[in-house]
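Inspection log for the structure reproduced underneath, given as structure tokens.
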Amino acid sequence: ILVPMFCKSWLLGCLLILFNVLLLYFTATTLERRKWQKMAKKTGNPHVAYPQNYRFILDQPKKCEHQKPFVVVIVPVAPQNTEARNAIRTTWGSDELVWDKLVLVLFLLGSQSANETLQEQLQNESREYQDLLQSNFLDSYRNLTIKTLVMMEWLSRNCRQASYGVKVDADVLLNMKNLLRMLVSLKSLQHNYITGLVLSGNIVSRDPSSKFYVPHDILQPHINMDKCR
Ligand SMILES: *[C@@H]1O[C@H](CO)[C@@H](O)[C@H](O)[C@H]1NC(C)=O
Ligand SMILES: *[C@@H]1O[C@H](CO)[C@@H](O)[C@H](O)[C@H]1NC(C)=O
Ligand SMILES: *[C@@H]1O[C@H](CO)[C@@H](O)[C@H](O)[C@H]1NC(C)=O
1189 ILVPMFCKSW
1199 LLGCLLILFN
1209 VLLLYFTATT
1219 LERRKWQKMA
1229 KKTGNPHVAY
1239 PQNYRFILDQ
1249 PKKCEHQKPF
1259 VVVIVPVAPQ
1269 NTEARNAIRT
1279 TWGSDELVWD
1289 KLVLVLFLLG
1299 SQSANETLQE
1309 QLQNESREYQ
1319 DLLQSNFLDS
1329 YRNLTIKTLV
1339 MMEWLSRNCR
1349 QASYGVKVDA
1359 DVLLNMKNLL
1369 RMLVSLKSLQ
1379 HNYITGLVLS
1389 GNIVSRDPSS
1399 KFYVPHDILQ
1409 PHINMDKCR
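Counting from 1189, one number per residue, gives the positions in the sequence shown under the numbering used here.
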């Protein structure tokens, strides 16, 4: 076929441009995927499934029943963070009676089963203070959702007679008197009640490098949620 000269160079130009566009697109997507994979390797993929088949290695199943607390405070903490537990035991966690109300403070841990020395230390700590609850899922940042669900499960199984359950992070200095004053001021006992610092209209983070990253396959809609902290 006879193709005029200008048409040939035009076609070549087109092909070159198309090729470049494809190459750019390919590099961009592989770079994005690489970044993602690197992130996932560093933090682990968020663990969604909660098969409810975790069991407690260290437990205090009768403590609530015996002490009949008004409030049960549960502190999620990493197994190796003995320092935070001791700080809480000697500060805001030390009073069992606040404004005539009984308070029970317990720590909730996941496991680091590979470290036997640590496990032995925890057994000793549990014997000494009798305030450790340890479940057998792997303790990690991405598994904090499991920790929260295990906490609720434990409360509903072992602490039905308590009026309120409170979740407090290990790096928080809790003003127990204020908390109790607030709960008592509610006059009647609240049901289906949840409170905390309310952050309204929060945006779901889609940035893979963010600590609070939530991929689309875990939470689809881009809703602005109210969160309780
Ligand atoms: C195991 O736990 C002990 C006590 O907390 C700690 O000193 C040690 O570094 C840990 N070992 C490993 C391999 O993580
Ligand atoms: C745990 O306690 C036992 C008995 O008191 C002691 O012999 C052992 O060294 C302790 N283990 C750890 C890891 O601290
Ligand atoms: C979460 O815990 C489960 C159960 O122990 C474990 O299989 C999984 O690897 C953990 N995930 C992360 C990201 O630590």
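For every residue, glycine included, the Cβ atom is placed at its ideal position computed from N, Cα and C. Predicted model only: the values in this text are computed from it and were never measured.
The alpha-carbon of Q1240 is positioned some 13 Å away from that of N1331. In the displayed model, K1355 falls within a strand according to three-state DSSP. G1298 counts as buried, since no fewer than 16 other beta carbons sit within 10 angstroms of its beta carbon. When C-beta atoms of the segment 1373 to 1390 are compared with those of the segment 1303 to 1312, fewer than three pairs fall below 8 Å, so the two segments do not count as touching. Checking the 7 Å criterion, the Cβ of T1333 is out of range of every heavy atom belonging to ligand 1. By the C-beta criterion, the segment 1264 to 1284 is judged to be in contact with the segment 1356 to 1373, since at least 3 inter-stretch pairs fall below 8 Å. Relative to ligand 2, T1305 has its C-beta within less than 7 Å of a heavy atom. Per DSSP, N1363 lies in no alpha helix (DSSP H) and is assigned neither H nor E. For N1331, the secondary structure class from DSSP, reduced to helix, strand or coil, is helix.
D1357 and V1386 have their C-alpha atoms spaced approximately 16 Å apart.
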